[in-house]
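Chemist: Residue numbers (this note's numbering): 72 to 408.
#1: Assuming the contact rule is C-beta atoms closer than 8 angstroms, residue 360 and residue 390 should be a hit. Round their C-beta distance to whole Å, please.
#2: Using only CA atoms, which one of 269, 305, 241 and 268 lies nearest to residue 256?
#3: Flag this pair as yes or no: are the beta carbons of residue 223 and residue 159 separated by less than 8 angstroms?
#4: Using only the alpha-carbon positions, how far apart do residue 278 and residue 144 sit?
#5: Hey, would you say residue 385 sits closer than 8 angstroms to residue 265, going by beta carbons?
#6: In three-state terms, what does DSSP make of residue 382?
#7: Work out the CA separation of residue 90 and residue 134 for me, nearest whole Å.
#8: Buried or exposed for residue 259, please, with buried defined as at least 16 other CB atoms from any protein chain shown within 10 angstroms of its CB.
#9: Please state whether DSSP places residue 133 in a helix, a strand or coil.
#10: Buried or exposed for residue 410, please, with buried defined as at least 16 other CB atoms from any protein chain shown within 10 angstroms of its CB.
#11: Going by the beta-carbon positions, is the gap between residue 146 and residue 276 smaller than 8 angstroms?
#12: Between the alpha carbons of residue 216 and residue 178, how many angstroms are there, rounded?
#13: Mind checking residue 340: buried by the 16 CB within 10 Å criterion, or exposed?
#14: In angstroms with no decimal places, state the Cα-to-Cα distance between residue 157 and residue 102.
#15: Considering just the uninterrupted stretch of the alpha helix (DSSP H) at residue 118, what are its terminal residues?
#16: Which whole-angstrom value is the C-beta distance of residue 271 and residue 137, which I expect to be below 8 angstroms?
#17: Can you grab the Cα-Cα spacing for the pair residue 287 / residue 280, in whole Å?
#18: Of the choices 77, 383, 343 and 358, whose alpha-carbon is the least far from that of residue 397?
#19: Kindly give me the distance between the Cβ atoms of residue 142 and residue 330, rounded to whole angstroms, as I take these residues to be in contact under 8 angstroms.
#20: If residue 368 and residue 88 are in contact, beta carbons under 8 angstroms, what's the gap, nearest whole angstrom?
#21: Answer with buried or exposed for residue 247, where buried requires no fewer than 16 other C-beta atoms within 10 angstroms of its C-beta.
#22: Measure from the alpha carbon of residue 171 to the alpha carbon of each residue in 113, 108, 393 and 321, then state which is nearest.
#23: Note down, in chain order, each residue of its chain lying with its Cβ closer than 7 angstroms to the Cβ of residue 225, except the 5 sequence neighbours on either side.
#24: Please classify residue 154: is it buried, with 16 or more other beta-carbons within 10 angstroms of its beta-carbon, or exposed?
#25: In whole angstroms, what is the alpha-carbon distance linking residue 319 and residue 162?
#26: Curious, which full-length alpha helix (DSSP H) runs of at least 4 residues does the stretch 229-265 contain?
#27: Leaving out five residues on either side along the sequence, give the residues of the same chain with a beta carbon under 6 angstroms from the beta carbon of residue 131.
#28: What is the residue span of the alpha helix (DSSP H) that residue 292 lies within?
#29: Could you check what DSSP says for residue 267 in three-state terms: helix, strand or coil?
#30: Between the stretch 202-211 and the stretch 228-237, do at least 3 Cβ pairs fall closer than 8 angstroms?
#31: Consult DSSP for residue 336 and reduce its assignment to one of helix, strand or coil.
#32: Take the Cβ of residue 338 as the centre, count every other Cβ of all protein chains shown within 10 Å, and call the residue buried at 16 or more, exposed below.
#33: Taking all protein chains shown into account, do 16 or more other C-beta atoms lie within 10 angstroms of the C-beta of residue 252, making it buried, or fewer, making it exposed?
#34: Can you have a look at residue 347 and say buried or exposed, based on whether 16 or more other CB atoms are within 10 angstroms of its CB?
#35: Rounded C-beta distance between residue 377 and residue 94? I'm assuming under 8 angstroms.
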């Protein structure tokens with residue numbers, strides 16, 4: 072198991088360096104390391120490292136790729152929480168409507184035009200979290216109204232309905248705001264273009280808070296994966312734990328969606344693969360989902376900006392091309408079992 076963990080962590084770091092280096096101008100991993108040491112420790116740079124390469128690597132690519140990594144990590148941890156709570160490998164923040172809700176909250180902040188300020192940067196994840204959480208609460212309220220036992224399939228069904236409904240509102244908001252329409256449409260499709268170091272800092276703080284909080288509940292997640300009745304018989308306060316974990320999931324998704332737009336399937340595929348490799352213990356699944364999700368999103372972003380360069384493909388389209396077939400495979404594989 073230790074070899075698997077080491078392999079995933081090292082491979083994720085390698086992918087991160089490659090994604091930062093690959094683009095219209097190639098920056099080798101060695102050259103990239105020299106630039107990082109120069110920026111952090113003021114180490115001397117060889118003459119072969121040009122100012123153009125320094126600017127491309129440090130000011131453009133590194134914030135963008137790190138943002139992609141952190142967004143992928145946050146979505147994957149959120150997906151792992153949802154799948155454990157609902158005992159369904161097809162559950163995700165998207166199927167619960169959290170992504171759509173967070174997007175709507177962030178869209179209203181973008182429309183106000185304050186996202187260019189430091190206050191606006193911090194307000195984005197707060198509004199994303201609040202609106203994502205509100206969507207979850209509405210889903211749970213309607214599920215309880217229809218199904219007193221709140222079966223997981225009922226929750227997922229209402230989550231999908233609310234997701235479609237909120238997406239429709241988001242489209243309407245985009246259409247009615249001509250000034251911000253292009254930005255909102257591109258943002259809805261998923262993009263990391265124009266990300267800066269302030270985005271990296273905010274996302275890193277949100278990811279650490281959400282991940283640490285989730286790991287503190289790893290025992291509850293392990294037990295609740297086997298069913299609500301068994302969890303209650305083993306002394307787990309299911310109601311309290313569910314609320315806390317839904318808050319953490321909404322927080323992570325809200326922070327991620329605010330800086331990337333709606334990017335689906337990452338929170339579906341990565342936790343499922345992590346469980347296949349590392350087993351069902353969430354003390355391992357959560358951190359490994361973080362690394363694997365980050366690496367997957369960084370790779371997806373690299374494909375989106377290089378495949379049809381100089382044009383850029385929406386990141387959401389790249390992840391969907393991988394995630395949609397995986398979704399179908401999981402569904403039919405589980406039915407066979």
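Glycine included, every Cβ here is placed at the ideal spot set by N, Cα and C.
Modeler: Concretely, from the data shown:
#1: Wrong, their Cβ atoms sit about 15 angstroms apart, outside the cutoff.
#2: Per the Cα distances, 241.
#3: Yes. Within cutoff.
#4: Spanning the two alpha carbons is a distance of roughly 8 angstroms.
#5: Result no, Cβ atoms of residue 385 and residue 265 do not sit closer than 8 angstroms.
#6: DSSP places residue 382 in coil when its eight states are reduced to three.
#7: The alpha-carbon separation between residue 134 and residue 90 amounts to approximately 12 angstroms.
#8: Burial state of residue 259 is buried, judged by a 10 Å Cβ sphere holding 16 or more other Cβ atoms.
#9: The answer is helix: DSSP assigns residue 133 an H, G or I state.
#10: Because the chain spans 72 through 408 in this model, residue 410 falls outside it and cannot be assessed.
#11: Pairing residue 146 with residue 276 gives a Cβ-Cβ distance that is not under 8 angstroms.
#12: Answer to the nearest angstrom: the Cα atoms are 30 angstroms apart.
#13: Buried, because 16 or more other Cβ atoms sit within 10 Å of the Cβ of residue 340.
#14: Here the C-alpha atom of residue 157 lies approximately 46 angstroms from the C-alpha atom of residue 102.
#15: Looking at the DSSP string, residue 118 is not in any alpha helix (DSSP H), and its letter there is neither H nor E.
#16: About 5 angstroms; that satisfies the 8 angstroms criterion.
#17: Approximately 11 angstroms between the Cα atoms of the pair.
#18: The shortest Cα separation from residue 397 among 77, 383, 343 and 358 belongs to 343.
#19: The Cβ separation is near 6 angstroms, so the contact holds.
#20: With 8 angstroms as the limit, residue 368 and residue 88 do not qualify as a contact, their Cβ atoms being about 15 angstroms apart.
#21: The residue in question, residue 247, is exposed, as its Cβ has fewer than 16 Cβ neighbours within 10 Å.
#22: Comparing Cα-Cα distances from residue 171 to each of 113, 108, 393 and 321, the minimum goes to 321.
#23: These residues qualify, in order along the chain: 214, 217 and 218.
#24: With 16 or more Cβ atoms within 10 Å of its Cβ, residue 154 is classed as buried.
#25: Distance from the CA atom of residue 319 to the CA atom of residue 162, rounded to whole angstroms, is 16 angstroms.
#26: Complete alpha helix (DSSP H) runs here, min 4: 249-260.
#27: Taken in chain order, the list of residues that qualify is empty.
#28: Residue 292: member of the alpha helix (DSSP H) spanning 289-295, first to last residue.
#29: Looking at residue 267 - three-state DSSP - the assignment turns out to be coil, as it is neither helix nor strand.
#30: Contact holds: three or more Cβ-Cβ distances are below 8 angstroms.
#31: Three-state DSSP puts residue 336 in coil, outside helix and strand.
#32: By the 10 Å Cβ count, residue 338 comes out buried.
#33: With fewer than 16 other beta carbons inside 10 angstroms of its own, residue 252 counts as exposed.
#34: Exposed is the call here.
#35: For residue 377 against residue 94, the beta-carbon gap comes to about 6 angstroms, under 8 angstroms, which counts as contact.
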